[in-house]
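Enquirer: Protein chains in written order, with the working numbering: chain A, 148 to 348; chain B, 148 to 348; chain C, 148 to 348; chain D, 148 to 348. Just passing along the structure, written as structure tokens.
There are 4 protein chains.
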Amino acid sequence: MTWREELREQRRARILDAAATVFARRGYQRATMKEIATEAGIAPGTIYLYFANKRDLLLGIADQLITRPVDRQLADVASLSAEDYVAAILRERIRFARQNQPFLQALVTEIWTDQELRVRFFSQVIGPLLGTGARYLQERVAEGKLRPCRIEVVVPAVAGSIVILAAMRALLPNGVLPKLSDDELVDELTRLYLYGLSTGP
Amino acid sequence: MTWREELREQRRARILDAAATVFARRGYQRATMKEIATEAGIAPGTIYLYFANKRDLLLGIADQLITRPVDRQLADVASLSAEDYVAAILRERIRFARQNQPFLQALVTEIWTDQELRVRFFSQVIGPLLGTGARYLQERVAEGKLRPCRIEVVVPAVAGSIVILAAMRALLPNGVLPKLSDDELVDELTRLYLYGLSTGP
Amino acid sequence: MTWREELREQRRARILDAAATVFARRGYQRATMKEIATEAGIAPGTIYLYFANKRDLLLGIADQLITRPVDRQLADVASLSAEDYVAAILRERIRFARQNQPFLQALVTEIWTDQELRVRFFSQVIGPLLGTGARYLQERVAEGKLRPCRIEVVVPAVAGSIVILAAMRALLPNGVLPKLSDDELVDELTRLYLYGLSTGP
Amino acid sequence: MTWREELREQRRARILDAAATVFARRGYQRATMKEIATEAGIAPGTIYLYFANKRDLLLGIADQLITRPVDRQLADVASLSAEDYVAAILRERIRFARQNQPFLQALVTEIWTDQELRVRFFSQVIGPLLGTGARYLQERVAEGKLRPCRIEVVVPAVAGSIVILAAMRALLPNGVLPKLSDDELVDELTRLYLYGLSTGP
DNA sequence: GATGAATGAGTGTTCATTCAT
DNA sequence: CATGAATGAACACTCATTCAT
Numbered sequence: 148m149t150w151r152e153e154l155r156e157q158r159r160a161r162i163l164d165a166a167a168t169v170f171a172r173r174g175y176q177r178a179t180m181k182e183i184a185t186e187a188g189i190a191p192g193t194i195y196l197y198f199a200n201k202r203d204l205l206l207g208i209a210d211q212l213i214t215r216p217v218d219r220q221l222a223d224v225a226s227l228s229a230e231d232y233v234a235a236i237l238r239e240r241i242r243f244a245r246q247n248q249p250f251l252q253a254l255v256t257e258i259w260t261d262q263e264l265r266v267r268f269f270s271q272v273i274g275p276l277l278g279t280g281a282r283y284l285q286e287r288v289a290e291g292k293l294r295p296c297r298i299e300v301v302v303p304a305v306a307g308s309i310v311i312l313a314a315m316r317a318l319l320p321n322g323v324l325p326k327l328s329d330d331e332l333v334d335e336l337t338r339l340y341l342y343g344l345s346t347g348p
Numbered sequence: 148m149t150w151r152e153e154l155r156e157q158r159r160a161r162i163l164d165a166a167a168t169v170f171a172r173r174g175y176q177r178a179t180m181k182e183i184a185t186e187a188g189i190a191p192g193t194i195y196l197y198f199a200n201k202r203d204l205l206l207g208i209a210d211q212l213i214t215r216p217v218d219r220q221l222a223d224v225a226s227l228s229a230e231d232y233v234a235a236i237l238r239e240r241i242r243f244a245r246q247n248q249p250f251l252q253a254l255v256t257e258i259w260t261d262q263e264l265r266v267r268f269f270s271q272v273i274g275p276l277l278g279t280g281a282r283y284l285q286e287r288v289a290e291g292k293l294r295p296c297r298i299e300v301v302v303p304a305v306a307g308s309i310v311i312l313a314a315m316r317a318l319l320p321n322g323v324l325p326k327l328s329d330d331e332l333v334d335e336l337t338r339l340y341l342y343g344l345s346t347g348p
Numbered sequence: 148m149t150w151r152e153e154l155r156e157q158r159r160a161r162i163l164d165a166a167a168t169v170f171a172r173r174g175y176q177r178a179t180m181k182e183i184a185t186e187a188g189i190a191p192g193t194i195y196l197y198f199a200n201k202r203d204l205l206l207g208i209a210d211q212l213i214t215r216p217v218d219r220q221l222a223d224v225a226s227l228s229a230e231d232y233v234a235a236i237l238r239e240r241i242r243f244a245r246q247n248q249p250f251l252q253a254l255v256t257e258i259w260t261d262q263e264l265r266v267r268f269f270s271q272v273i274g275p276l277l278g279t280g281a282r283y284l285q286e287r288v289a290e291g292k293l294r295p296c297r298i299e300v301v302v303p304a305v306a307g308s309i310v311i312l313a314a315m316r317a318l319l320p321n322g323v324l325p326k327l328s329d330d331e332l333v334d335e336l337t338r339l340y341l342y343g344l345s346t347g348p
Numbered sequence: 148m149t150w151r152e153e154l155r156e157q158r159r160a161r162i163l164d165a166a167a168t169v170f171a172r173r174g175y176q177r178a179t180m181k182e183i184a185t186e187a188g189i190a191p192g193t194i195y196l197y198f199a200n201k202r203d204l205l206l207g208i209a210d211q212l213i214t215r216p217v218d219r220q221l222a223d224v225a226s227l228s229a230e231d232y233v234a235a236i237l238r239e240r241i242r243f244a245r246q247n248q249p250f251l252q253a254l255v256t257e258i259w260t261d262q263e264l265r266v267r268f269f270s271q272v273i274g275p276l277l278g279t280g281a282r283y284l285q286e287r288v289a290e291g292k293l294r295p296c297r298i299e300v301v302v303p304a305v306a307g308s309i310v311i312l313a314a315m316r317a318l319l320p321n322g323v324l325p326k327l328s329d330d331e332l333v334d335e336l337t338r339l340y341l342y343g344l345s346t347g348p
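Laid out in structure tokens, this is it:
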């Protein structure tokens, strides 16, 4: 990449960060291009040198979230015990949610009303996430390490748990929720999803 | 309540229904007072005789969602087996989500950015829902019917599963998700949350 | 027409007049909706209750110019002498140009670049004007009162004379052009187009 | 002129040509400096090394149109017959319109609203054109070759014919107007303006 | 001299809200 | 009480112009 292209890419990323921050703060509709520009430290018109329009910013944020590195990382843990394995998945998901929090929150207000954004988000983020989950679950079941189950229910259920727990942490004022370390959270969920709530065998 | 007040209350409810429908369809920001008025079969100006402004409609929708009937219903099932009991909770939550779908979807876009709305929603809807869940879980654990666990993790996790599954059903185009009856869904979740995914005892 | 519709029609006409005035003064592109609103004595937003957008104002002005009454008026003069007849045509054209001067001038800046406006203008204004001219010329030639000629050249030529003379009067600062009454102008043009410039028979 | 100045003059002319082309295509207001720069094969900023601003380009185009060569050419035909003489004038005007079509069309949208441009255009283009026409007409009348007439009416009338015929050719889609060679056009106009439309002597 | 990225003032349009009828 | 025409503040986007490289 030439020096010129690199600078351009940096500027673009900077604008995208600013947009995610403002979208997360105000929601997509209430966010103004002026506020995004201020957040990025540039003039409003400059944004349009990098993005066609406001909505293109939103789609750019969605594109940023492509979940490639997940598969590679999880591949390393294929030989772990069931406990460690489920815990690894959960930990990875929590990390992803935390790292991309402003980007995810920037999208969430428009996901419900914007068809194209929803399709992109599902095909680029949710789909791959559920996909890897489903694939590994299937393999473990085939190996006999986990019991047979309806994957199309279990995988979204597990994912949903994390999403809601992450959302509650992000949205609720501090102190409402009891503080819990990530490890404790992961432990508890691992136990829940491996052994359930029934009283022993 | 006088005859006058009753009529007024009916009109108010009618407007609130219309607002929920339009908010669910377009999202709060894109919804126009004109469209809401048309949906309610009245003139735009009339809305302001019942609500102070657009946002007041949203808060009114949140107030509408108070989760009263839940407790009563669940009280009747206190003597059931663990399976039937968990299934009953899940079934009740699904019913609630389906019945109030436009109201819930109307709120969802603004929950993330509107502090007051969020507080109202959590204190009136989410809080009570989690509260009843927590209370019953606690009682069952005390009775020895379920194992001890971190309630503040388990209850949101279960609730989150349902929310995400409901959201996916509502948002994704038909055919993407395998069709599943409510009973099958409830069965699978009951099994998951009672016995987990591990292979046998 | 009901009282409501009449009021609406009046308002619409008032806005159209204001738009024509401002377009004539500034040209279509430089004219702002705010200035048009001020000229009409209303708020900017009100314009949009009567016209979809700025361009719709321009098309509305073009529609205003439909040249229906011309035929009827000229029909009365079918029995006149050649002199009186040509003079009548010329006088009618000058009257039309003068009466609709702001409307015509409002259109002229955009005619050159706006395909649809051009088509409307030609089919509704220029076409009919040239059409009646051509028809009467043809009849007079058939009657032997005027000599055979290429109508598609002569009619636009005559029309063009009037347009340019009207434009020069409208655009040039007073005093540059020698003052000339309409009658003198019509006399001179009649002589020109009936007998030409050659020195007698 | 030094080598430096010559190069600069060439560059200036190149920009002026590009500007005329783009102004003719889009109209002055819709034309962007970027498009003009692209048309000229340079960067937008470079234009400002040769012209103070966008409007200066327009004035530059008007200045380009000075009608010098006309007089010289017509001087050679002073001894022709009336027919040939009028035909020569007409032919020269048509040639001028055709040769400078983009330049003329570039000016036309702004002539109506820009006082200074209008003055320049009239003093440098229209004025001289009408002036030569008037002078020669006067001389011919003095010689007794043409009849006495109001020159301030006849000359603009003749000029207007050509302008309108040229504009109709330029603006209307092909096929609407019957095709006519320049010679046929000139013949017909010559006949019209020398002998008029009346039947016989 | 030439470049083209950055600027920011300016505009068409929307829509929540008001108020005369 | 109900209406809906009128309002005008707010905002996305454009583009002439500047200036650091």
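Ideal Cβ placement from N, Cα and C applies to all residues, glycine included.
1) When the Cα atoms are used, what is the spatial distance from D/A190 to D/I162?
2) Can you name the start and end residues of the alpha helix (DSSP H) that C/P275 belongs to?
3) Looking only at DSSP bridge pairs, what is B/S345 linked to?
4) Closest by CA to A/D329, which one among A/A235, A/T168, A/L212, A/L227?
5) Buried or exposed: which applies to C/Y195, given that a residue is buried once 16 or more other Cβ atoms fall within 10 Å of its Cβ?
6) Out of C/V333, C/R265, C/Y197, point me to the one whose CA is closest to D/A304's CA.
7) Does chain C have any CB closer than 8 angstroms to the CB of D/M180?
8) Take every Cβ of the segment 319 to 329 of chain D, pair it with every Cβ of the segment 173 to 183 of chain D, and state whether three or more of those distances are shorter than 8 angstroms.
9) C/R304 by DSSP, collapsed to three states: which one?
10) Within 8 angstroms of any Cβ in chain C, is that where the Cβ of D/S345 sits?
11) Looking at the structure shown, is D/E315 part of a helix, part of a strand, or coil, going by DSSP?
12) Nearest-angstrom Cα distance between D/E182 and A/Q248?
13) Where does A/Q262 fall in DSSP's three states?
14) Between the C-alpha atoms of B/Y197 and B/A167, what's the straight-line distance to the nearest angstrom?
15) Is there contact between the segment 237 to 251 of chain A and the segment 204 to 213 of chain A, where contact requires at least three CB pairs shorter than 8 angstroms?
16) Can you give the Cα-Cα distance for D/T193 and D/D164, rounded to whole angstroms?
17) Closer than 9 angstroms by beta-carbon distance: list the chain B residues that pair up with A/Y342, in chain order.
18) Counting contacts by CB-CB distance shorter than 8 angstroms, is A/Q271 in contact with chain B?
19) Along the chain, which unbroken stretches of the alpha helix (DSSP H) at least 4 residues long are found entirely within the segment 156 to 193 of chain D?
20) Span of the alpha helix (DSSP H) holding A/Y232?
21) Please tell me whether C/R177 has its Cβ less than 8 angstroms away from any Cβ of chain D.
22) My understanding is that C/G115 touches D/S308, with C-beta atoms under 8 angstroms, so please give their C-beta distance in whole angstroms.
23) Strictly below 7 angstroms CB to CB, what residues from chain A border B/G322?
24) Go ahead and pull the three-state DSSP assignment for D/F198.
25) Would you call the CB atoms of B/L339 and A/G343 closer than 8 angstroms?
26) Short of 8 angstroms Cβ to Cβ, which residues in the segment 239 to 267 of chain C face chain D?
27) Report the option in A/L319, A/V300, A/P320, A/A317 whose CA atom is closest to the CA atom of B/I422.
28) Of the residues D/Q246, D/L341, D/S270, which one's Cα is nearest the Cα of D/C296?
29) Can you give me the C-alpha to C-alpha distance between A/G188 and A/Q262, rounded to a whole angstrom?
30) Look at the alpha carbon of A/A199 and the alpha carbon of A/A184, and state the distance between them as a whole number of angstroms.
31) From this set, A/E286, A/T256, A/F170, A/S345, which residue's C-alpha is nearest A/A229's C-alpha?
32) I'd like to know whether the C-beta atoms of B/L254 and B/L293 end up nearer to each other than 8 angstroms.
33) Examine chain D for any beta-carbon lying closer than 8 angstroms to the beta-carbon of C/L204, and answer yes or no.
34) With a cut-off of 8 angstroms, does the C-beta of D/L212 fall near any C-beta of chain C?
Expert: In this structure, then:
1) The count along the fourth sequence starts at 1 and reaches residue 190 of chain D at position 43. The count along the fourth sequence starts at 1 and reaches residue 162 of chain D at position 15. Whole-angstrom Cα-Cα distance: 11 angstroms.
2) Taking the first residue of the third sequence as position 1, residue 275 of chain C is located at position 128. Run containing C/P275: 274 to 290, per the alpha helix (DSSP H) assignment.
3) Position 198 of the second sequence holds residue 345 of chain B. Beta-bridge pairing links B/S345 to A/L293.
4) Within the first sequence, numbered from 1, the residue matching residue 329 of chain A stands at position 182. If we check each option's Cα against that of A/D329, A/A235 comes out closest.
5) As a first step, residue 195 of chain C is located in the third sequence; it is residue number 48 there, counting from the start. Exposed: under 16 other Cβ atoms inside 10 Å.
6) What you label residue 304 of chain D is simply residue 157 of the fourth sequence in a count that begins at 1. D/A304 has its Cα closest to that of C/V333, out of C/V333, C/R265, C/Y197.
7) Taking the fourth sequence and counting its residues from 1, the one referred to as residue 180 of chain D is at position 33. D/M180 does not count as touching chain C.
8) no
9) Stepping through the third sequence from its first residue, residue 304 of chain C is reached at position 157. Correcting the residue identity first, residue 304 of chain C is Ala in this sequence and not Arg. Of the three classes helix, strand and coil, the one that applies to C/A304 here is helix, per DSSP.
10) For the purposes of this step, residue 345 of chain D is identified with residue 198 of the fourth sequence, where counting begins at 1. Chain C, which has a Cβ nearer than 8 angstroms to the Cβ of D/S345, makes this yes.
11) Along the fourth sequence, one-based indexing puts residue 315 of chain D at 168. The sequence shown places Met at residue 315 of chain D, not Glu. Correct three-state label for D/M315: helix.
12) What you label residue 182 of chain D is simply residue 35 of the fourth sequence in a count that begins at 1. What you label residue 248 of chain A is simply residue 101 of the first sequence in a count that begins at 1. One C-alpha to the other measures close to 42 angstroms.
13) Locating residue 262 of chain A in the first sequence gives position 115, counting from the first residue. If DSSP states are grouped into helix, strand and coil, A/Q262 belongs with the helices.
14) Along the second sequence, read from residue 1 onward, the residue named residue 197 of chain B stands at position 50. Along the second sequence, read from residue 1 onward, the residue named residue 167 of chain B stands at position 20. For B/Y197 and B/A167, the distance between alpha carbons rounds to 15 angstroms.
15) yes
16) Taking the first residue of the fourth sequence as 1, we reach residue 193 of chain D at position 46. Taking the first residue of the fourth sequence as 1, we reach residue 164 of chain D at position 17. Rounded to whole angstroms, D/T193 to D/D164 spans 15 angstroms at the Cα level.
17) Residue 342 of chain A sits at position 195 when you count from the first residue of the first sequence. Residues of chain B passing the Cβ test: R294, Y342, G343, L344, S345.
18) The residue you call residue 271 of chain A lines up with position 124 of the first sequence. Closer than 8 angstroms: no.
19) 180 to 187
20) Working through the first sequence from its first residue, we reach residue 232 of chain A at position 85. Looking at the DSSP string, the run of the alpha helix (DSSP H) that includes A/Y232 is 229 to 246.
21) Here the question's residue 177 of chain C lines up with position 30 in the third sequence. At least one chain D Cβ lies under 8 angstroms of C/R177.
22) In this structure chain C extends from 148 to 348, so residue 115 of chain C is not present and cannot be described.
23) Along the second sequence, read from residue 1 onward, the residue named residue 322 of chain B stands at position 175. Going along chain A, no residue has its Cβ under 7 angstroms from B/G322, so there is no contact; the nearest lies around 13 angstroms.
24) Within the fourth sequence, the letter at position 51 stands for residue 198 of chain D. Coil.
25) Numbered from 1 along the second sequence, position 192 holds the residue referred to as residue 339 of chain B. Numbered from 1 along the first sequence, position 196 holds the residue referred to as residue 343 of chain A. Against a cut-off of 8 angstroms, the Cβ pair of A/G343 and B/L339 comes out as a contact.
26) Q252, V255, T256, E257, I258, W259, T260, R265
27) Nothing in the structure corresponds to residue 422 of chain B, since chain B is present only between 148 and 348.
28) Translated into the one-based positions of the fourth sequence, residue 296 of chain D becomes position 149. Per the Cα distances, D/L341.
29) Along the first sequence, one-based indexing puts residue 188 of chain A at 41. Along the first sequence, one-based indexing puts residue 262 of chain A at 115. A/G188 and A/Q262: Cα-Cα distance of roughly 31 angstroms.
30) Locating residue 199 of chain A in the first sequence gives position 52, where the first residue counts as 1. Locating residue 184 of chain A in the first sequence gives position 37, where the first residue counts as 1. Distance between the alpha carbons of A/A199 and A/A184 is about 14 angstroms.
31) Numbered from 1 along the first sequence, position 82 holds the residue referred to as residue 229 of chain A. Selected option, being the one with the closest Cα: A/E286.
32) Start at 1 with the first residue of the second sequence, and residue 254 of chain B comes out as number 107. Start at 1 with the first residue of the second sequence, and residue 293 of chain B comes out as number 146. Contact flag unset, no.
33) Position 57 of the third sequence, counted from the start, is the residue given in the question as residue 204 of chain C. Judged by the 8 angstroms Cβ criterion, C/L204 is not in contact with chain D.
34) Along the fourth sequence, read from residue 1 onward, the residue named residue 212 of chain D stands at position 65. No, D/L212 does not count as interfacial toward chain C.
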